[in-house]
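Okay, so here's the structure we're looking at.
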Amino acid sequence: MKKEEILINKMYTGSYTNSNIGHEVINFFKSDSADGKKEGKSYVYVMPYGGIGKEHNNDKVKLKWIFLTGAKESIKIKNNSYQALEILALRKVKKQLFKKGDFHKKKKGESEEHYKEVIENWKEYHQEQIKMHIKYAGVEVARIFKDNQNDDTSIYVTYEVEDTIWKPKKRIYLVDLRNEKNINNIIKTENEIYIAIKAKNLPGSSCKSFIDDKGDVNTLYQIIRNRKEYFKEEEAKPVEIKSDESKEEQNKESFFEIMGKENDETSYTNMLYYFFNEKEMINEFIKFLKETKNNINPKVELNIDEYKIEKEKFVIDIENKKRGRMDLVAYGKNNVIIIENKIKSNLNGRQEDGTTQITTYYKCIEKREEERIKEGRTKKKRKIKIMILVPNYKEDILKKELEKECKKIDGKYIIINYKTLYEFFESLKFEEIKSSYEYKEFLKALKLHTYENLGKKIENEMLKKFKSKIVNAVYKDHSD
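Counting from 3, one number per residue, gives the positions in the sequence shown under the numbering used here.
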């Protein structure tokens, strides 16, 4: 009897996708027909190179199900942090297509001759896959991925799968909770589901994990058997390229993306500094928040004032030996707003006394206000508020961190997600600003962080690159 395994395939991870198209983008689409008559097929590319190790690639094992997940991320459950993988989809295997073993980078002590032989074998397998003539939107995969690094050894598909894609109804995570006492294998909350799994079964640097451990397999099969409770059923569709859109429209990337700064906090902070200093824009933003009630914490009151924005403002608390650098600070006559931008980083500067960078900033500004009174520069302290800007996909995580770590300044901070920022800048009435190149590019860049989950964000980024390569190939054919 064959041993059954379940594959966890971790996608969209590492720096490779910064300048290359991740081959895993095909995992959500149906290919074109290879001969123009039959229906296209659905495939899954197994990370990181498309191959499978010998121990999982023989007549003694059988693979039926693949969990497609995003990259590893930190999540909070009951105020504790855990490493987890978000499940993006579940696919059922029809048959294995690539059976040539797994690829490896040059190992320590491996001879140049042997490694050269490995590379040559993979170049041969690469040519075999090209002969399959798999196409998406009329373009063969070999042309779509030809500009990727080391493409001459690329494998394009590993498994043929059923056309049904099982997409989660709510966010589902695989998380190592097995060492926790009194915790069920499957935890259900209002917005998330957590599936307890051993740490050794979470994919590491290889980006894939074959599960045959009895305990974890039983839990995962429980999810699979009852998948209609956890997942919605969709049919894989071919890649859609709109014929009425120009090459430029299909291929539009923000300047931030072109420069590789789409996740760079400093670049976004600099643009916010630029725009918030235009036409009292910070006041317009406060009005927008009040009118739309977006992300407004009833404990926090933001006030209109004659603000002047400063960036990267250094603060130091000599008495408590603490310091930090605030992203932006809006100084008004009666109010001070600390603006902290959180794209990649979480809450930093945790101290044994329960303070964080946020509480340090608040206390430093508060102390400075007391000094201004002593110096006779003012008769009363300005009101201090903190505005924390965060991508939608990490809003819940940061919110939980703040609730735990910043109790001492509860009612002093407000969380603003990037969707709110995007909606504000999109609604601007200043035509001279809206017509500028920098505004249009900034708006595109803001939109990149409005996705509700990180997996969806990266999936859409890969899809954009995927379509761009297809359009470029078609455009070249027509121009030739």
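We put the CB at the ideal spot given by N, CA and C, even for glycine.
Checklist line | Ile341 beta carbon less than 9 Å from that of Ile388 | finding: Here the question's residue 388 lines up with position 386 in the sequence shown. Here the question's residue 341 lines up with position 339 in the sequence shown. Cβ distance < 9 Å, so Ile388 and Ile341 count as in contact.
Item checked: Anticipated Cβ contact below 8 Å, Glu308 with Val331, distance rounded -> Here residue 308 refers to the residue found at position 306 when the sequence shown is read from its first residue. Here residue 331 refers to the residue found at position 329 when the sequence shown is read from its first residue. The pair is not a contact, with the Cβ atoms about 14 Å apart (cut-off 8 Å).
Next item on the list: Count the CB pairs spanning the segment 155 to 163 and the segment 52 to 62 that are closer than 8 Å, and state whether there are at least three.
Entry: A contact exists between the segment 155 to 163 and the segment 52 to 62.
Checklist line | Coil, strand or helix - Phe277 by DSSP | finding: Residue numbering aside, residue 277 sits at position 275 when the sequence shown is read from its first letter. Helix at Phe277.
Check: Which residues mark the beginning and the end of the beta strand (DSSP E) in which Ile121 is found?
Finding: In the sequence shown, counting from the first residue as 1, residue 121 sits at position 119. Following the DSSP letters along the chain, one finds Ile121 in no beta strand (DSSP E) but inside the alpha helix (DSSP H) bounded by residues 114 to 132.
Check: Taking the C-alpha atoms as reference points, what is the distance between Phe69 and Lys32?
Finding: Taking the first residue of the sequence shown as 1, we reach residue 69 at position 67. Taking the first residue of the sequence shown as 1, we reach residue 32 at position 30. Using only the alpha carbons, I get a separation of about 18 Å.
Note to self: With a threshold of 7 Å on Cβ separation, who are the neighbours of Tyr232 within its own chain once the five nearest residues in sequence on each side are excluded?
What the structure shows: Indexing the sequence shown from 1 puts residue 232 at position 230. Excluding residues within five positions, the ones whose Cβ falls inside 7 Å are Pro170, Lys171, Ile174, Ile195, Ile225.
Item checked: Given 8 Å, three or more beta-carbon pairs between the segment 414 to 429 and the segment 450 to 464 -> Touching, yes.
Notebook entry, point to check: Leu222 and Ile8 look like a contact to me (Cβ under 8 Å); what is the Cβ gap, rounded to whole Å?
Noted result: What you label residue 222 is simply residue 220 of the sequence shown in a count that begins at 1. What you label residue 8 is simply residue 6 of the sequence shown in a count that begins at 1. With a contact defined as Cβ atoms closer than 8 Å, Leu222 and Ile8 qualify at about 5 Å.
Next item on the list: Would you kindly work out how many angstroms separate the C-alpha atoms of Tyr410 and Ile360, rounded to a whole number?
Entry: Working through the sequence shown from its first residue, we reach residue 410 at position 408. Working through the sequence shown from its first residue, we reach residue 360 at position 358. Contrary to the premise, residue 410 reads as Lys rather than Tyr in this sequence. The alpha-carbon separation between Lys410 and Ile360 amounts to approximately 10 Å.
Checklist line | Distance, Phe258 Cα to Glu443 Cα | finding: For this step, residue 443 is matched to residue 441 along the sequence shown. For this step, residue 258 is matched to residue 256 along the sequence shown. Cα-Cα distance, rounded: 7 Å.
Note to self: Which of the three DSSP states is assigned to Ala201 in this structure?
What the structure shows: Residue 201 sits at position 199 when you count from the first residue of the sequence shown. Looking at Ala201 - three-state DSSP - the assignment turns out to be helix.
Note to self: Under DSSP, the beta strand (DSSP E) around Lys74 begins and ends at which residues?
What the structure shows: In the sequence shown, counting from the first residue as 1, residue 74 sits at position 72. Unbroken beta strand (DSSP E) run through Lys74: 63 to 79.
Notebook entry, point to check: Are Glu403 and Lys78 close, meaning C-beta to C-beta below 9 Å?
Noted result: By 1-based counting over the sequence shown, the position of residue 403 is 401. By 1-based counting over the sequence shown, the position of residue 78 is 76. The answer is yes: Cβ separation under 9 Å.
Notebook entry, point to check: Taking C-beta to C-beta, are Ile345 and Glu267 nearer than 9 Å?
Noted result: Along the sequence shown, one-based indexing puts residue 345 at 343. Along the sequence shown, one-based indexing puts residue 267 at 265. Yes, Cβ-Cβ distance for Ile345 and Glu267 is below 9 Å.
Margin query: Let me check one thing: in DSSP terms, what residues is Asn11 bridge-paired to?
Written below: Here residue 11 is taken as the residue at index 9 of the sequence shown, counted from 1. Residue pairing by DSSP puts Asn11 in a beta bridge opposite Leu70, Lys210.
Margin query: Using C-beta distances below 7 Å, list every residue in its chain close to Asn455, excluding the 5 sequence neighbours before and after it, in chain order.
Written below: The residue given as residue 455 occupies position 453 in the sequence shown. Same-chain partners within the cutoff: Glu88, Arg173, Tyr395.
Margin query: Strictly under 9 Å for the Cβ-Cβ distance: is Leu176 near chain C by that measure?
Written below: Reference to chain C is not applicable here, since this structure consists of a single protein chain.
Next item on the list: Taking the CB atoms as reference points, tell me whether Asn152 and Gln98 lie closer together than 9 Å.
Entry: By 1-based counting over the sequence shown, the position of residue 152 is 150. By 1-based counting over the sequence shown, the position of residue 98 is 96. No.
Check: In its own chain, which residues sit with a C-beta less than 7 Å from the C-beta of Asn279, not counting the 5 before and 5 after it?
Finding: Residue 279 sits at position 277 when you count from the first residue of the sequence shown. Cβ-Cβ distances below 7 Å link Asn279 to Ile311 in the same chain, with the five nearest sequence neighbours on each side left out; the list follows chain order.
Next item on the list: May I ask you to verify whether the segment 9 to 28 touches the segment 186 to 206, counting CB pairs closer than 8 Å and requiring at least 3?
Entry: Between the segment 9 to 28 and the segment 186 to 206, the count of C-beta pairs closer than 8 Å reaches three or more; the two stretches touch.
Margin query: For a test of the three-state rule: what should DSSP assign to Glu18, helix, strand or coil?
Written below: Walking along the sequence shown from the start, residue 18 turns up at place 16. In the sequence as displayed, the identity of residue 18 is Tyr instead of Glu. Tyr18 carries a helical assignment under DSSP once its states are collapsed to helix, strand and coil.
Item checked: Integer-rounded CB distance, given that Asn193 should sit under 8 Å from Tyr270 -> Taking the first residue of the sequence shown as 1, we reach residue 270 at position 268. Taking the first residue of the sequence shown as 1, we reach residue 193 at position 191. Their Cβ separation, rounded to whole angstroms, is 27 Å, which puts Tyr270 and Asn193 out of contact at 8 Å.
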